[in-house]
Amino acid sequence: MSTSNTPSNDDLIGGTSGDSAIKDPEDWVTGDEAMTGAQRSYLETLAREAGQTLPADLTKAEASEHIERLQAETGRGAPD
Numbered sequence: 064m065s066t067s068n069t070p071s072n073d074d075l076i077g078g079t080s081g082d083s084a085i086k087d088p089e090d091w092v093t094g095d096e097a098m099t100g101a102q103r104s105y106l107e108t109l110a111r112e113a114g115q116t117l118p119a120d121l122t123k124a125e126a127s128e129h130i131e132r133l134q135a136e137t138g139r140g141a142p143d
């Protein structure tokens, strides 16, 4: 019996099929919860680099939107 070294789709993250899982932050079930610690930390870095201030009580969805905007402004993050 031969086994393949090729991973199944269940073993992979990303790729062309991964794009279907991307949701608009406004559609997130947990989007109205408080932003995560990781979001807050990254936003602090991005905002400082952009010379901006942001409210400390952002939701997950709002934080995600600010992260995308500030990544574009600062040149951080993955290119589109």
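Final position of the sequence shown in the working numbering is 143; the numbers increase by one with none missing. Just so you know, even glycine gets a beta-carbon here, dropped at the ideal spot from N, CA and C. Please read these numbers as outputs of a predicted model, since none were measured by experiment.
CB contact flag (residue i, residue j, <8 Å)
| i | j | result |
| --- | --- | --- |
| residue 133 | residue 119 | no |
Given residue i as reference, the closest of the options once Cα atoms are compared
| i | options | result |
| --- | --- | --- |
| residue 90 | 125, 116, 99 and 115 | 125 |
| residue 101 | 115, 130 and 135 | 130 |
Simplified DSSP assignment, three categories, for residue i
| i | result |
| --- | --- |
| residue 119 | coil |
| residue 134 | helix |
Opposing strand residues paired with residue i [DSSP bridges]
| i | result |
| --- | --- |
| residue 124 | Residue 124 pairs with nothing; no bridge assigned. |
| residue 97 | 122 |
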